[in-house]
Structure formats: structure tokens, C-alpha cells
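Visitor: After the C-alpha cells below, expect a handful of questions from me.
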């Protein structure tokens, strides 16, 4: 087990290097950073001043040397400073991260509350009217992009019903619409997967034997089938956490939710590259560790995987 975890941790290194190198080259090969700083700050620099700034920032060196210097600064715990505000990038990121985590966790919780009962109900009522209705909802939800759902929610709850203001703060009320906007498309995917697993389990011999012994279907669901849903559900949740941490940027921007996604979008618009690099680096690291945790949980939840690791 320890060897496996160590192997996975070492496996993270080349992946992180590849992701950050690609992002670094892509960002630094598009525009002159000094010109962007000049535009964002609303000042006019002389050519001598621009040259001095490039030297101070190390921008006069080859791009791979710049990347190595950036890596060395990461190892020392320094992600650089914002080109626009001059603030420490790590501080900016971790100040916003809790808001994104709140949004991610609330979205996943809401997704489970929607998808578990509907997925199980759809499987139990297979090929009946309620099953077709749930599958239609799943198809529509899976087809709609998150930003479309967000705009529909704003129109219904903010514009028409006036229940929630359009401009919201980072509080519980402000968390409602972004969470729903993220949860509805995810629920559509979860419902389909849960339905497939439950239908498969309902046709297993142990379910037939349990029914023959007079056990109620609800008892079989709670004590047996729900355990079989755990593993595929764990996979979906881990994938969802990664996609939500990185993919909620548009939703955060639409609802003005002050998380790292909105921070990254603002940084991209303003060409504040140190923040973008920190965003890519930290989210890649978080996503990889989440998958590592999922693998470890698989080890304890599925005896077959435990035997494979021992072998």
C-alpha cells in the first residue's frame, strides 16, 4: 500500500511539469507582459523603463530559463506577485479557495440528494411512465450547458419571481442559484449511472434469493444494493470535484461568486499570468490528490482491488 501511494506521488511530478510547462509557454508566447502591465495600470512607460522591468522580472531570459526560475520559486513557496495588484499570488488564491470549496461541496450534496432517489426510482420503475419522465429530465439536463442553466435560473428566480437578487454576496442565499446551476447537469449524469447499476443489481441472484425469503425491496435496497452503488458513485464524485473546481469558473463569473474560478477568469481577461499559473498549478495538484484518495478508498471498499494490490 505504501509503495503504491509513493508510486502515485512520484507519478504526479511529470504530469505537473507537463501541465505547467505547456501553460507557461502558452501564456508567455502570446503577448508582451510589460505592455499588458502598462495597459492594465493605465500608465505609459518609456522604452528604458520597459527594458528595466523585463530585466527585473527575468523576461529578457529564454523562456525555459524563465520556467525553471518559476519552478524554483514554487519550491521555495513563492508563486510570484500579481502584475496588476502587486499582491502575493498564493495569498490571493487561498483567500478565494474556501468560497469555491463551499460551492463545490454544496453542489455535490445537492446532486446526491437529487440523483440518488431519482436514479433508484427510475430503475425500480423501469420502462414505466415515471421512468420515462426521469430519463427525459436526465437527457435534457445532460444536454444543457451549465451557463444556460444559470441564465434560466436567474431569469426565473431573480427577474420573474424576484426571490433572489441578481447581485448576491458570498452567503447562503448567494450559494443557492450557483449550486443549483452546477448540480442540475451533474444530476442528469448521476441518475443515468445509478439507474444502470441498480437495474443490473436487481437482476442478480442474491436479490432473487432475498425476495424469495420474503425480504422487502426497500430492505434489499438499503442493505445490499446501496453498497454496490458506492464504488461507481465514488468515481463520479471524485471526477465531479475535479471538474467543479476547474469548471465552475463560468458559473462563478455569472453569479459574481468570489471564488478562485472568478479570480482566474478576471486574471485571464487582464493577462495577469502569475495568477493563471497558480490557478492551473494548484487545481491540478488538488485534482490529482483527490484521485489518489479515491484509489485508496477503493482499496478499502472493494476486496478484489485489495487482492490485486497484494498480488
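Residue numbers (this note's numbering): 1 to 311.
Don't be surprised by glycine CBs; every beta carbon is placed ideally from N, CA and C.
Can you find the residues in the same chain that come closer than 6 Å, C-beta to C-beta, to residue 188, ignoring five residues on each side of it along the sequence?
Guide: Excluding positions up to five away in sequence, the list reads 138, 141, 142.
Visitor: Compare the C-alpha of residue 134 against each of 20, 194, 179 and name the closest.
Guide: Of 20, 194, 179, the residue nearest in Cα terms is 194.
Visitor: If the criterion is Cβ atoms closer than 8 Å, does the pair residue 263 and residue 23 meet it?
Guide: Taking 8 Å as the Cβ cut-off, residue 263 and residue 23 do not qualify as a contacting pair.
Visitor: Could I get the ranges of all uninterrupted alpha helix (DSSP H) runs contained in the region 167-236, with 4 residues as the minimum, in chain order?
Guide: Here the runs fully enclosed are 172-202, 205-212, 217-220.
Visitor: Using a Cβ distance threshold of 8 Å, determine whether the region 255-271 contacts the region 114-127, with at least three qualifying pairs required.
Guide: Counting Cβ pairs under 8 Å, fewer than three are found: no touch.
Visitor: At the level of alpha carbons, what is the spacing between residue 201 and residue 244?
Guide: For residue 201 and residue 244, the distance between alpha carbons rounds to 30 Å.
Visitor: So what does DSSP say about residue 88, is it helix, strand or coil?
Guide: Strand.
Visitor: Are residue 285 and residue 105 touching if we call contact CB-CB under 8 Å?
Guide: No, they are not a contact pair.
Visitor: Which stretch, first to last residue, makes up the alpha helix (DSSP H) that contains residue 157?
Guide: No alpha helix (DSSP H) contains residue 157, which DSSP labels as neither H nor E.
Visitor: Note down the Cα distance separating residue 49 from residue 80, rounded to an integer number of angstroms.
Guide: The straight-line gap from Cα to Cα measures roughly 21 Å.
Visitor: Let's test the definition: count the other Cβ atoms within 10 Å of the Cβ of residue 272 and tell me whether it reaches 16, buried, or not, exposed.
Guide: It is buried - the Cβ of residue 272 has at least 16 other Cβ atoms within 10 Å.
Visitor: Counting only the same chain and skipping the five closest in sequence on each side, list residues whose C-beta sits under 7 Å from that of residue 58.
Guide: For residue 58, where only same-chain residues beyond five positions count, the Cβ hits under 7 Å are 66, 69.
Visitor: Can you tell me whether residue 99 is buried or exposed, with buried defined as 16 or more other CB within 10 angstroms of its CB?
Guide: Label assigned to residue 99: buried.
Visitor: Please report the Cβ distance between residue 206 and residue 242, rounded to the nearest whole angstrom; I am assuming they are in contact, meaning their Cβ atoms lie under 8 Å.
Guide: Not really, about 34 Å apart at Cβ, beyond 8 Å.
Visitor: Contact check, residue 177 vs residue 152 under 8 Å by CB: the rounded distance?
Guide: So it is not a contact: roughly 10 Å between Cβ atoms.
Visitor: From residue 131 to residue 125, what distance separates their C-alpha atoms?
Guide: Approximately 6 Å, taken between the alpha carbons.
Visitor: Considering only residues of the same chain and omitting the five flanking positions on each side of residue 166, which have a CB-CB separation below 6 Å?
Guide: 158.
Visitor: May I have the straight-line CA-CA distance separating residue 298 from residue 210, to the nearest angstrom?
Guide: C-alpha separation (whole angstroms): 27 Å.
Visitor: Between residue 295 and residue 27, what straight-line distance do the alpha-carbon atoms span, to the nearest angstrom?
Guide: Distance between the alpha carbons of residue 295 and residue 27: 33 Å.
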